[in-house]
Structures are given as C-alpha cells and as structure tokens.
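K.L.:
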Ligand SMILES: NC(=O)c1ccc[n+]([C@@H]2O[C@H](COP(=O)([O-])OP(=O)(O)OC[C@H]3O[C@@H](n4cnc5c(N)ncnc54)[C@H](O)[C@@H]3O)[C@@H](O)[C@H]2O)c1
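Residue numbers (our numbering): 22 to 409.
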C-alpha cells in the first residue's frame, strides 16, 4: 500500500477538524507532525494526536524530512508565505481557502508551484458538498437549458460568533469578509456557471457589529459559537478593532457572458447558502445546504410553491455536510496518484481576485473592477494537472 506522511500548520478549529478527518493510517494517510505558534494550541492538539511531533516554528517543521505533505490551516494572511515556503521545501501543499488575501499573493503561489513542481491544492470544500455536486449534475444535463444568470444569498447566522471576535474582524488579516467567507460561494458560482468573473461591482457596509460592546483590547480574541446569542446589538465581547463590512453585495459579469450576484449578511438569525441558477428552459434552487436538503427545479410557467421536480438529498457522513471526506480523498489521490482535482489553484485564485476587487469597488465609489488575467501558459500548467 502507498503511504503519505503529512503535517498540520495551525492547530485550532479547522486544523483539528481536518486532522481528525485526514488521519487514516488504514488508507495510508499518516499524521506525523503539527506546528502552531501557540503553546496552548499545541498542547490541546497533543491530547488528541499523541503520535504527532510538535513544532513551534515553520522552519523546523519544514526541515523534518519525514514529512511529504502539509495542510495550512492557519489564518488567511499567513497562507501565501507558508505555502511558498512549503512548496520551496518540495512538499505537497493543501492550503485552506481563501488561497491568500491579495491577488499578488495568489499569483506568487501559482508561480512558485510551477517553478518548484511541488503540488498545490486549495481547500474549497464547498465544491464537494452533495447538494452542489447534484446541482452541477442537473445543470450539466441541460434540464434548465443554457444558464444565463446565477444568484446566491448567504445568511451567516454565526457571523458575529465566528468573524467579529478574533483576527477575522480586521482588514489587515483578511482583506474583508466578502473575500474570506465569500471565496467559497464565488468559487461555487464559477464552478456551476462554467466561467470566471471578468468584471465586478460591489457595495457593502458595517452597520451592526460596530455598535456592539467590545472586549478589552488586552484580552485575547476567540471565536465563540453560541446559538442563543441574538439579537447582535444586545451582545458583547466583540473585537476592539472591526473594520470589515457585515453586509456585502457584489455583481459579477463572467468571461462566458453570464451574470451573477452574491449577497452576504452576518447579522441574520438563520444560516443557509441559497443558490439559484436560471437558464433558457428553467430554474434550479437549493433548499438547505447541509444535512437534509432539497433541490427544486421549475421547467414550466408555474408558482414558486409548485416546482416541477423536487430532489431529496439524504445527509452525508462527515464534517461540512460530508464534503471533508470527499475533498481529502481528492487531495490524497492527486498527490499520490496524479488524479484530476475538482478545484484548481487557478479557480481558487479567481475567487480571491473577485473578492479582493469586489471589496475595492465597494470601498471606492462602487466603480467596476476588471479581474487581471493570468498568463495562458500558467493556466495551462494547472488545468493540465500540474504536470510539467
Ligand atoms: N474550508 C472550510 O470549510 C473552512 C472552515 C473553517 C476555517 N477554514 C480556514 O482555515 C483557516 C484557519 O481557520 P480557523 O477557524 O481554524 O482559525 P483559528 O483562529 O481557530 O486557528 C488558527 C490557528 O493558527 C495558529 N497560528 C497563528 N499564527 C500562526 C503561525 N505563524 N504559524 C502557525 N500557526 C499559526 C493560531 O495560533 C491558531 O491555533 C482559515 O484560513 C479559514 O478560512 C476553512
């Protein structure tokens, strides 16, 4: 049996969840090491994964020749530096989304991966959600004709818990939440519509969390999920510095002529990603995105309450709606056997580019922004499975 030894970098919430799903020695996937600058995070990780050697700095981890692949589950602003260092060290890299917080950062990662020949994979697990895979299958079957437009409404009920209490609340760490959170949805829309955004226009504002009670600047920030915490204006403990928007809207024109819009709100009481795509012969919409979901399809002129076809999706095993086991299988197959991947680093870069320029538009008079194009030879390298 082929085996691969991997390490985690960033050992808190995503690092631990992904390590739990990825450590499968019976499949040949062996967790051997971890790295975090926080001693408390290393200690907690050691309780769960006593087999892992633990490091407090990246250079020491990269010097450990027993490691063949590394998962970057550190904060977004570290992805570029850490990915480039790991690629230079000839390790295969699984980098969490968003790929980086700038377009230049993504492009540097693409160039480094091509020059070194080290494998690069970005953790866009939304592409592997059963409801998204089924939507892709239905759209590709032609049931709703040629898609012309797509919309996504993203209700982030847990936004105040997850993004306004720690590093996520500052532009310097994320660029903004349109990018940090929306990278998933922008990528899904690109995937389902079969193109990439060429031009983006944005509007956004911070109007709720800036009015909530903050924690003391001396106290460390920590995401803290609590479903009872509502309404937001009556809550406390938010980051001393909040300069990211809590409501984001963008409109996109794609390179294949389609149009799309994305709306993201962090102070709604309910959580769901609701996508709809409208074609020349019908419309499709998801009801629920995790667990028990439905897909509704309309192919005749009728009421919204009476779709022509309803698909019922059973809950899948595994974290993030069953997507984590699927994306990990794809990553290890890619690294160990050269398998094709559903998501490419070019797709991840184009999601970041749309998010960065959407933010730029909303912060600078809502002017349209053109996405800078990549060198066709670089695109070809990644579309061809990173084979020289
Ligand atoms: N794909 C998904 O569904 C998904 C879900 C959650 C998070 N994420 C991504 O995972 C990443 C981590 O998110 P999180 O929620 O776990 O964040 P977190 O704040 O809970 O954990 C980050 C960890 O990184 C550590 N860290 C800080 N500086 C470091 C450094 N220089 N080197 C190594 N470690 C360092 C911190 O000490 C902390 O333990 C983010 O990029 C986020 O977007 C993806």
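All C-beta atoms, glycine included, are put in the ideal place defined by N, C-alpha and C. What you are looking at is a predicted structure, and each value in this text was computed from that prediction instead of being measured.
What ranges does the beta strand (DSSP E) occupy inside the region 107-135, keeping only unbroken runs of at least 3 residues that lie completely in it?
P.N.:
Complete beta strand (DSSP E) runs here, min 3: 113-117.
K.L.:
Heavy atom of ligand 1 less than 7 Å from the Cβ of residue 96, yes or no?
P.N.:
Placement of the Cβ of residue 96 at a distance of less than 7 Å from at least one heavy atom of ligand 1 is found.
K.L.:
Does the distance from the CB of residue 183 to the CB of residue 356 come in under 8 Å?
P.N.:
no
K.L.:
Count the CB pairs spanning the region 360-374 and the region 204-211 that are closer than 8 Å, and state whether there are at least three.
P.N.:
yes
K.L.:
Would the C-beta of residue 75 count as close to ligand 1, meaning under 7 Å from any of its heavy atoms?
P.N.:
no
K.L.:
Tell me the start and end of each unbroken alpha helix (DSSP H) in the region 259-285 that is at least 4 residues and wholly inside, in chain order.
P.N.:
none
K.L.:
Thinking just about the alpha-carbon of each residue, which of 342, 272, 22 is nearest to the one in residue 220?
P.N.:
272
K.L.:
Mark residue 78 as exposed unless 16 or more other C-beta atoms lie within 10 angstroms of its C-beta, in which case mark it buried.
P.N.:
By the neighbour-count criterion, in which a residue is buried when 16 or more other Cβ atoms sit within 10 angstroms of its Cβ, residue 78 is exposed.
K.L.:
Is residue 341 a contact residue of ligand 1, with contact defined as CB to any heavy atom under 7 Å?
P.N.:
Indeed, a heavy atom of ligand 1 lies less than 7 Å from the Cβ.
K.L.:
Under the criterion of a Cβ to heavy atom distance below 7 Å, does residue 117 qualify as lining ligand 1?
P.N.:
yes
K.L.:
Buried or exposed, going by whether 16 or more other CB atoms sit within 10 Å of the CB of residue 340?
P.N.:
Residue environment: residue 340 is assigned as exposed (fewer than 16 neighbouring CB atoms within 10 Å of its CB, all protein chains considered).
K.L.:
If the criterion is Cβ atoms closer than 8 Å, does the pair residue 152 and residue 93 meet it?
P.N.:
no
K.L.:
Report back the beta-carbon spacing between residue 188 and residue 253 to the nearest angstrom; my notes put them in contact at under 8 Å.
P.N.:
Your pair residue 188 and residue 253 does not check out as a contact, with CB atoms roughly 19 Å apart and the cut at 8 Å.
K.L.:
With C-beta atoms as the reference, is residue 233 less than 8 Å away from residue 257?
P.N.:
yes
K.L.:
If we count the other Cβ atoms within 10 Å of its Cβ and call it buried at 16 or more, is residue 203 buried or exposed?
P.N.:
Label assigned to residue 203: buried.
K.L.:
Can you find at least 3 beta carbon pairs, one from the region 239-254 and one from the region 304-320, that sit closer than 8 Å?
P.N.:
These segments do not touch.
K.L.:
Check the C-beta distance from residue 62 over to residue 33 and give it rounded, since I have them as a contact under 8 Å.
P.N.:
The Cβ separation is near 5 Å, so the contact holds.
K.L.:
So is the beta-carbon of residue 62 under 7 Å away from any non-hydrogen atom of ligand 1?
P.N.:
yes
K.L.:
Only counting the same chain, and skipping five residues up and downstream in sequence, which positions put a Cβ closer than 6 Å to that of residue 37?
P.N.:
none
K.L.:
Which same chain residues end up closer than 7 Å to residue 292 when comparing Cβ atoms and leaving out the 5 residues on each side of it in sequence?
P.N.:
176, 177, 178, 179
K.L.:
Using a Cβ distance threshold of 8 Å, determine whether the region 299-306 contacts the region 227-241, with at least three qualifying pairs required.
P.N.:
no
K.L.:
Can you list, in chain order, the residues of its chain whose CB lies under 8 Å from that of residue 259, leaving out five sequence neighbours each side?
P.N.:
181, 185, 186, 190, 230, 233, 234, 235, 236
K.L.:
For residue 388, which residues of its own chain have a beta-carbon under 8 Å away from its beta-carbon, when the five flanking residues on both sides are left out?
P.N.:
222, 382
K.L.:
Would you mind sorting residue 193 into buried or exposed? The rule is 16 or more other CB atoms within 10 Å of its CB.
P.N.:
By the 10 Å Cβ count, residue 193 comes out exposed.
K.L.:
In chain order, which continuous runs of the beta strand (DSSP E) of length 3 or greater are located wholly inside the region 145-178?
P.N.:
168-176
K.L.:
Anyone know if the C-beta pair for residue 155 and residue 332 falls short of 8 Å?
P.N.:
Between residue 155 and residue 332, the C-beta gap is smaller than 8 Å, which places the two residues in contact.
K.L.:
I'd like to confirm something about residue 58: is its beta-carbon nearer than 7 Å to some heavy atom of ligand 1, or not?
P.N.:
Under cutoff, so the answer is yes.
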